[in-house]
Amino acid sequence: MENILGLVALACGLIVGLGAIGASIGIALMGGKFLESSARQPELINELQTKMFILAGLIDAAFLIGVAIALLFAFANPFTV
Numbered sequence: 001m002e003n004i005l006g007l008v009a010l011a012c013g014l015i016v017g018l019g020a021i022g023a024s025i026g027i028a029l030m031g032g033k034f035l036e037s038s039a040r041q042p043e044l045i046n047e048l049q050t051k052m053f054i055l056a057g058l059i060d061a062a063f064l065i066g067v068a069i070a071l072l073f074a075f076a077n078p079f080t081v
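Going by the UniProt record's numbering, the letters in the sequence shown line up with residues 1 to 81, in that order.
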């Protein structure tokens, strides 16, 4: 029983940690490309900013889904009988 709970805790940490790293790298790359494209074509800043915020929300949503799954495993563990 303790072995299963320990592995579940490790899995939850990996889900949240790797999800946070992936989301932060994704948003950083997207922000860099936004700055690049807005410097090249300043007349499109409003359209690019709208698309950037939509994509940032989608990236964060994927991370928050991972956090919800980790919380499910942590509190309502389906692996213990």
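Glycine included, each C-beta is placed from N, C-alpha and C at the ideal position. Computed from a predicted structure; not experimentally measured.
Judged by pairs of C-beta atoms under 8 angstroms, the segment 22 to 35 touches the segment 47 to 62, as three or more such pairs exist. DSSP places THR50 in the helix class (H, G or I) of the three-state scheme. A contact between stretches requires three or more CB pairs, one per stretch, nearer than 8 angstroms, and the segment 70 to 80 meets this requirement with the segment 7 to 14. Sixteen is the threshold: when 16 or more other Cβ atoms of the shown chains lie within 10 Å of the Cβ of PHE63, as they do, the residue is buried. Restricting attention to GLY13, ILE4 and GLU2, the CA atom closest to the CA of ALA70 is found in GLY13. The C-beta separation of MET30 from LEU55 comes to about 6 angstroms, placing the pair in contact by the 8 angstroms criterion.
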